[in-house]
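The next block holds one structure in the form of structure tokens; read it before the comments.
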Amino acid sequence: MKFETIEDLEIPQAAAFEMLSDFSFFERMAMRRGAEVTRRNGDGADGLGSAWDLNVPWRGKTVKMQVDVSRFEKPEALGFQADAPAIEVQLDIELVALSNHKTRLLMKTDISAKTLTGRLLLQSMKLTRGKIEKRMASRISEQSRNLEKRYRETQAA
11 MKFETIEDLE IPQAAAFEML SDFSFFERMA MRRGAEVTRR NGDGADGLGS
61 AWDLNVPWRG KTVKMQVDVS RFEKPEALGF QADAPAIEVQ LDIELVALSN
111 HKTRLLMKTD ISAKTLTGRL LLQSMKLTRG KIEKRMASRI SEQSRNLEKR
161 YRETQAA
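If you're matching positions, the sequence shown starts at 11 in this note's numbering and goes up one per residue.
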């Protein structure tokens with residue numbers, strides 16, 4: 011199952027990439043939402059080869075997953091591969107410079123099933139695809155506004 015979202019940011023491409031590749035920021039965000047995050051590459055360097063083990067609360071259960079950076083092309087693209095017991099998720103983020111201070115963010119998500127449970131999950135997602143797409147677009151838009159706010163704050167400092 012594939013989802014795509016496009017969002018225009020009022021941020022230069024390089025700054026957008028730097029903020030999106032600030033993995034420690036996203037680790038803290040996940041922890042605030044109840045996830046247990048353990049970085050597998052102990053040196054803490056951000057880039058290709060960065061990897062995490064996650065325990066994520068979902069529908070009253072804890073789902074264990076491994077996330078690896080699968081693509082790191084500064085300042086244009088990031089990719090993540092997530093493996094959970096029932097599904098695999100490939101998340102690709104592309105940044106296209108529209109001008110010196112404007113960037114287009116293209117986010118593509120591909121979810122595939124590994125087990126019968128995963129296929130049942132994907133089937134139920136297909137039935138509510140419109141609702142999922144709206145919720146995803148809303149969250150990406152909210153995070154985009156947060157990126158713009160963080161950028162303005164760093165410029166003002």
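The beta carbon of each residue, even a glycine, is placed where N, CA and C say it ideally should be.
Original post:
Counting along the chain, where does the beta strand (DSSP E) carrying Met75 start and finish?
Top reply: Lys71 to Glu83
Original post:
Should Ala167 go down as buried or exposed, given a rule of 16 or more other Cβ atoms within 10 Å for buried?
Top reply: Classified as exposed, Ala167 has fewer than 16 neighbouring CB atoms from the shown chains inside 10 Å of its CB.
Original post:
What's the gap between the Cα of Arg129 and the Cα of Pro67?
Top reply: 20 Å
**OP:** Within its chain, find whatever has a CB closer than 6 Å to the CB of Ala24; leave out the 5 residues flanking it on each side and keep chain order.
**Re:** Pro85
**OP:** List the DSSP bridge partners of Pro67.
**Re:** Thr72, per the DSSP bridge assignment.
Subject >> Spatial distance of Gly44 from Ser34 (CA atoms) >> reply: 15 Å
Original post:
Taking C-alpha atoms, which residue in Glu28, Val79, Thr127 and Phe13 lies nearest to Leu113?
Top reply: In the sequence on display, residue 113 carries Thr and not Leu. Measuring from the Cα of Thr113, the nearest candidate turns out to be Glu28.
**OP:** Would you kindly work out how many angstroms separate the C-alpha atoms of Ala87 and Glu158, rounded to a whole number?
**Re:** Glu158 has its alpha-carbon roughly 18 Å from the corresponding atom of Ala87.
**OP:** Tell me whether Gly140 sits in a helix, a strand or coil according to DSSP, three-state version.
**Re:** helix
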